[in-house]
Amino acid sequence: MTDSAKLQIGDKTYELPIMVGTENERAIDIGALRKLTGLTTLDPGFVNTGSCSSAITYINGEKGILRYRGYPIEQLAEKSSFIEVSYLLIYGELPNPEQLASWQDKITNHTLIHEDMKHFFQGFPRDAHPMAILSAMVAALSTFYQDSIDTDPECLDMSTIRVMAKLPTLAAFSYKKSIGQPLVYPSNELNYGGNFLRMMFAVPTFPFALDQELADVIDTLLILHADHEQNCSASTVRLVGSSRANLFAAISSGISALWGPLHGGANQAVLEMLGSIAKNGGDVNKFVALAKDPDSSFRLMGFGHRVYKNFDPRAKIIKRLCDNVLSKQKRVSDPMLEIAKRLEEVALADPYFVDRSLYPNVDFYSGIIYKALGIPTNMFTVLFAMGRLPGWISQYKEMLEDNSRIGRPRQVYTGKTARDYVPVSER
Ligand code: SDX
0 MTDSAKLQIG
10 DKTYELPIMV
20 GTENERAIDI
30 GALRKLTGLT
40 TLDPGFVNTG
50 SCSSAITYIN
60 GEKGILRYRG
70 YPIEQLAEKS
80 SFIEVSYLLI
90 YGELPNPEQL
100 ASWQDKITNH
110 TLIHEDMKHF
120 FQGFPRDAHP
130 MAILSAMVAA
140 LSTFYQDSID
150 TDPECLDMST
160 IRVMAKLPTL
170 AAFSYKKSIG
180 QPLVYPSNEL
190 NYGGNFLRMM
200 FAVPTFPFAL
210 DQELADVIDT
220 LLILHADHEQ
230 NCSASTVRLV
240 GSSRANLFAA
250 ISSGISALWG
260 PLHGGANQAV
270 LEMLGSIAKN
280 GGDVNKFVAL
290 AKDPDSSFRL
300 MGFGHRVYKN
310 FDPRAKIIKR
320 LCDNVLSKQK
330 RVSDPMLEIA
340 KRLEEVALAD
350 PYFVDRSLYP
360 NVDFYSGIIY
370 KALGIPTNMF
380 TVLFAMGRLP
390 GWISQYKEML
400 EDNSRIGRPR
410 QVYTGKTARD
420 YVPVSER
């Protein structure tokens, strides 16, 4: 006997099935609601509404739990690699040695972009935001790689390899374009993070010494950003993909959604906020007061989360990584990190934040590490996109495998009722 919910409308009672997930989450299945009752539901921002069932990522916001395919994020961050985690998210299981080697090989051998794609970079203004370039260039992949844009499994595997392999190249090229330096081609003997750092910072005038420890930090950060169930950008990828638009088009839309300062763009906004606090003599109390002021639109960037009502487990790991990177660079600390730690202390002691369960999220500390690694602020969200890519791909693939119907939400119309046209001479 499955559990059910009873809905009383007028003198009628309706019964709706309750679905129970493998972690005992329960949801009222309203699939038949309109047919049964003639009514729809209304839930702006989908605060209470599930769009799908999914076997990819589990989050428990109250307990601060995050697992990819059942594996705790803490274990994956410590023991795995981004390439291995990407395979896990996309194909559902940790790869055996042969599968891992083959996956690594396929990605390594597709890191170059078509030479003609380089002309696009000449067309962008020098100060173009790299997220705009990335979104445009990923959509353009569907013009250069037309042989793999269908949605059958074979094409999907090919376009998965292509976008996984080429995103770091496109990202690094957009950075080199913005600083007027020559593009640096990928080098096949480096790992994902190392290749990206080399394409970002190598110059033809002298040999590039890769700091493997810093490359490993990038790899861990990419793991921490790899998926997060039905967040804004993943839901965008699913919705675009539900029309059977190709993977490149869906990922391009996910990049655009991630760019917003309330989502992935928050990591750039956090650094800008910390910079303003530093310019204001480091007065964190003034900014906390502003964030609490109902008449001010200012929010503490990097704080709060739709799902986590406890510490974001990723923020805890990133905070530890921060200290490691700064001590490795023989820096007692970074003024931004000092301000961030003070800001966190003040906010977490303030009833406004405590009552609303507002804690630091993944974006609060990540920007400080990126800055310490020499990544420019406007590239922070690009790194978030690189990390989130396997998550977007896995969500798109699961949507196709579930043969999902096209996403088409309903609405409640609150506009004018029927009225007749009035010729302009009579208005
Ligand atoms: C990411 O969904 C995901 O999983 C996202 C992500 C992922 O991995 O994909 O985790 C990545 O996007 C993290 C979030 C990054 N964004 C920020 O750091 C921007 C600052 N945070 C907020 O804008 C906000 O907290 C959101 C957008 C993250 C969540 O917004 P919600 O769930 O819609 O919450 P809300 O706006 O309804 O806020 C509830 C209350 C409000 O106050 P009251 O109306 O109750 O008086 O909390 C307040 C808000 O004003 N509030 C904040 C705040 N966040 C919420 N007040 C001050 N500062 C903040 N940061």
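For the sequence shown, numbering that gives the first Met the number 0 assigns the number 0 to the initial residue and increments by one for each residue that follows.
For each residue, glycine too, the CB sits at the ideal point set by N, CA and C.
Everything numeric in this text was worked out from a predicted model, so none of it was measured.
Taking the C-alpha atoms as reference points, what is the distance between S80 and G49? 30 Å
Please report the straight-line C-alpha distance between A100 and R66, rounded to a whole angstrom. 24 Å
Roughly how far, in whole angstroms, is the beta-carbon of S173 from the beta-carbon of L133, given that I think they are within contact range, below 8 Å? 6 Å
Kindly list the residues whose CB is nearer than 8 Å to the CB of L189, restricted to its own chain and excluding five residues on each side of it in sequence; keep chain order. R197, L209, A214
Could you tell me which residues DSSP pairs with S428 in its beta bridges? One cannot answer for residue 428 here, as it falls past the ends of the chain, which runs 0 to 426.
For the region 131-188, list the beta strand (DSSP E) runs that are entirely contained and at least 3 residues long, ordered along the chain. none
Please confirm whether any heavy atom of ligand 3 lies closer than 6 Å to the CB of A244. Ligands present in the displayed structure are limited to ligand 1, and ligand 3 is not among them.
Given this structure, state the Cα-to-Cα distance separating I55 from P96, to the nearest angstrom. 22 Å
Looking at N438 and ligand 1, is the gap between the Cβ and the nearest heavy atom below 6 Å? Summary: the structure shown does not reach residue 438, with the chain confined to residues 0 through 426, and so no result is reported for it.
Keeping to the same chain, check which residues put their C-beta closer than 7 Å to that of P481; ignore five residues upstream and five downstream. An answer regarding residue 481 cannot be provided, because it is not within the stretch 0 to 426 covered by the chain.
Quick check: R68 and H224, are their CB atoms within less than 7 Å of each other? no
With DSSP run on the structure shown, which of helix, strand or coil describes I8? strand
Between the CA atoms of V361 and L289 - distance to the nearest angstrom: 22 Å
Determine contact between the region 386-404 and the region 346-360, defined as no fewer than three beta-carbon pairs at a distance below 8 Å. no
Residue ranges of each beta strand (DSSP E) run of no fewer than 3 residues wholly in the region 300-361, ordered along the chain? none
Give me the DSSP bridge partner(s) of R418. Beta-bridge pairing links R418 to no other residue.
With a cut-off of 8 Å on the beta carbons, I'd call R237 and M398 a contact; round off their distance for me. 5 Å
Let me know the secondary structure DSSP gives A225 once reduced to three states. coil
Can you tell me whether F379 is buried or exposed, with buried defined as 16 or more other CB within 10 angstroms of its CB? buried
Where N323 falls, given that 16 or more other Cβ within 10 Å makes a residue buried: exposed
Quick one: does the C-beta of N230 sit closer than 6 Å to a heavy atom of ligand 1? yes
Rounded straight-line distance, which links the Cα of I106 to that of R161: 7 Å
Determine the closest residue to L299 out of I317, L347, G253, with distance taken between C-alpha atoms. L347
Got a sec: does ligand 1 put a non-hydrogen atom nearer than 6 Å to the Cβ of L261? yes
Please report how far the alpha carbon of L382 lies from the alpha carbon of D42, in whole angstroms. 32 Å
Taking the Cβ atom as the reference point for each residue, do G366 and L270 lie within a distance shorter than 7 Å? yes
Should the region 271-278 be called in touch with the region 309-318, which here means at least 3 C-beta pairs below 8 Å? no
Buried/exposed call for T159, threshold 16 Cβ in 10 Å: buried
Suppose the cutoff is 7 Å on Cβ atoms and the five residues either side in sequence are ignored; what does the same chain contact list for I148 look like? S141, C154, S158, N245, F247
Quick check: the Cα distance between K315 and E343, rounded to an integer number of angstroms? 12 Å
Option nearest R25 by Cα separation, candidates N47, T40, L38, R33: N47
Below 8 Å on the Cβ atoms is my guess for V345 versus N284; work out the distance and round it to an integer in Å. 6 Å
In the structure shown, what three-state DSSP assignment does V236 receive? helix
Per-residue DSSP class, three states only, for F297: coil
Beta carbon of A290: closer than 6 Å to some heavy atom of ligand 1? yes
Please report the distance separating the alpha-carbon of R243 from that of T204. 46 Å
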